[in-house]
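Reviewing the structure listed below.
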Amino acid sequence: MKNHLVFSKSQNFLRKSWRQIVPPALLIGCVLTACCIGQYPISLHDLWQNLFFPSTSSNSIIHTVLWQVRLPRILTAILAGAALSMAGATYQSMFKNPLVSPDILGVSAGAGLGAVAIIFVGGSLWQLQLSAFIGGLVAVAIVYAIAKIARYHAPILALVLAGIALAALLKAGISILKIFADPYSQLTTMTFWLLGALNMATFHDLAFMVPLILLAVLPLILLRWRMNLLSLEDEEAQSLGLNLSRTRLIFIVSATLMTSTIIAVTGIIGWIGLIVPHVARLWLGEKGSDFRQLLPVTIFFGSAILLIADTFSRATFSVEIPLGIITAIVGVPFFLGLLILGGRK
Numbered sequence: 022m023k024n025h026l027v028f029s030k031s032q033n034f035l036r037k038s039w040r041q042i043v044p045p046a047l048l049i050g051c052v053l054t055a056c057c058i059g060q061y062p063i064s065l066h067d068l069w070q071n072l073f074f075p076s077t078s079s080n081s082i083i084h085t086v087l088w089q090v091r092l093p094r095i096l097t098a099i100l101a102g103a104a105l106s107m108a109g110a111t112y113q114s115m116f117k118n119p120l121v122s123p124d125i126l127g128v129s130a131g132a133g134l135g136a137v138a139i140i141f142v143g144g145s146l147w148q149l150q151l152s153a154f155i156g157g158l159v160a161v162a163i164v165y166a167i168a169k170i171a172r173y174h175a176p177i178l179a180l181v182l183a184g185i186a187l188a189a190l191l192k193a194g195i196s197i198l199k200i201f202a203d204p205y206s207q208l209t210t211m212t213f214w215l216l217g218a219l220n221m222a223t224f225h226d227l228a229f230m231v232p233l234i235l236l237a238v239l240p241l242i243l244l245r246w247r248m249n250l251l252s253l254e255d256e257e258a259q260s261l262g263l264n265l266s267r268t269r270l271i272f273i274v275s276a277t278l279m280t281s282t283i284i285a286v287t288g289i290i291g292w293i294g295l296i297v298p299h300v301a302r303l304w305l306g307e308k309g310s311d312f313r314q315l316l317p318v319t320i321f322f323g324s325a326i327l328l329i330a331d332t333f334s335r336a337t338f339s340v341e342i343p344l345g346i347i348t349a350i351v352g353v354p355f356f357l358g359l360l361i362l363g364g365r366k
């Protein structure tokens, strides 16, 4: 009996360890693959030499491709995938709805209008990124203000309805600017940016993103146990001492800050924030409803999935496919599958 108990505990430990080890191992494998694959292949030996002993490298082309093109892009993909996935998991848990995404409150539409407006007036790249960043934050601030003014009996529903309405208005603004844009230069830039891409990523972009993402992630990590309380009915959560309005505001600000920061650099990359939390829940099984367990797994899977999509977009065809197209091709069937399975249950 004692041996059987020890064996059972060992099995449980191995099962838990396996679920924790695979996500980071998958990300490491994706990083190595992304470094080596591309229009200019790099061997593992050359990769090792140029990463850790760059002064001894005899091939300047490999060094340039790796440090000026691939590494900034890979690190941006990791950061963007993690941030969008965390934002998606936060919104899904907070709204108690597994079919919402980070742009539910209009952040993508606000950032998109900000970026398109700068392209329309001929602004610089840093002005575009700043305008997109501010546009996303302002859009969500307006949605939150409308929901508070409305005093709707269901605060969460008020946020969603206000977000849908404002997003529609902002998208109309984007369409108007596209109609009047120069079809030979501005319109192409607008379209490509709205579809999302990492081809312009640099270490300067990472220097802009990393502090803001860390600032946004900190409340999610420190208050992750409160997200589990938000999954309860409002009366139950309040009886346990949770300030619903303040807690929701903190999570909304954190998720919005992450999403706006990423969109400002990469453009609008859809479906990652919607799909990855589901992948993480399926992987965790019964533990998937625990936000404390969900958050770290979501980070690794989000980074790996977006990195795979970006590597595919730049290495498969001679013309780079925007990330938004690839994530939609993968995300739509997954989303429809969730709807069908959810309806049967």
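Counting from 1 along the sequence shown, just add 21 to a position and that's the residue number in our numbering.
Glycine residues also receive a C-beta, built at the ideal position from the N, C-alpha and C atoms.
What you are looking at is a predicted structure, and each value in this text was computed from that prediction instead of being measured.
To the nearest angstrom, how far is it from the Cα of residue i to the Cα of residue j?
i	j	result
Trp39	Leu178	39 Å
Ile347	Leu105	16 Å
Pro240	Thr280	15 Å
Leu357	Asn118	15 Å
Pro45	Cys51	10 Å
Asp331	Thr97	10 Å
Ile139	Ser275	25 Å
Ser334	Ala222	15 Å
Val137	Leu253	40 Å
Gln259	Leu120	25 Å
Leu72	Val90	13 Å
Gly352	Leu359	11 Å
Met248	Leu87	40 Å
Ala153	Val231	17 Å
Leu151	Gly109	23 Å
Ala349	Ala162	28 Å
CB-CB under 7 Å to residue i, same chain, minus the five flanking residues each way: which ones, in chain order?
i	result
Ala103	Ile320, Gly323 and Ser324
Phe141	Leu198, Ala202 and Gln207
Phe28	Model confidence at Phe28 stands at a pLDDT of 46, short of 50, so the residue's coordinates are unreliable and nothing is read from them.
Residues in its own chain within less than 8 Å of residue i by CB, not counting five upstream and five downstream?
i	result
Pro354	none
Leu216	Gly288, Ile289, Pro343, Leu344, Gly345 and Ile346
Gly309	Ala301, Arg302, Leu303 and Leu315
Between the options, which lies nearest to residue i when the distance is taken from Cα to Cα?
i	options	result
Ile195	Leu244, Asn264, Ala132 and Ala168	Ala132
His225	Tyr165, Leu92 and Met115	Leu92
Gly291	Val43, Ala218, Ile49 and Ala166	Ala218
Trp246	Leu191, Leu96, Arg313 and Ile273	Arg313
Leu149	Thr210, Thr337 and Ile163	Thr210
Lys169	Leu146, His299, Ser266 and Ile63	Ser266
Gly294	Ile271, Gly306, Ile326 and Leu303	Ile326
Ser122	Ile185, Ala162 and Leu87	Ile185
Val43	Ile296, Trp304 and Ala160	Trp304
Ile49	Ile99, Thr85, His66 and Ser81	Ile99
Leu243	Val159, Cys57, Pro317 and Ala171	Pro317
Leu65	Leu182, Thr54 and Ala130	Thr54
Measure how close the beta-carbons of residue i and residue j come, nearest whole angstrom, since I'm counting them as under 8 Å.
i	j	result
Leu180	Leu126	6 Å
Ala101	Ile273	Ala101 to Ile273, Cβ: 20 Å. No contact.
Arg269	Met115	6 Å
Ile95	Leu328	7 Å
Leu250	Leu263	5 Å
Might you give, ordered along the chain, the residues of its own chain that have their beta carbon closer than 6 Å to the beta carbon of residue i, omitting 5 neighbours on each side?
i	result
Leu134	Gly156, Leu191, Gly194 and Ile195
Pro176	none
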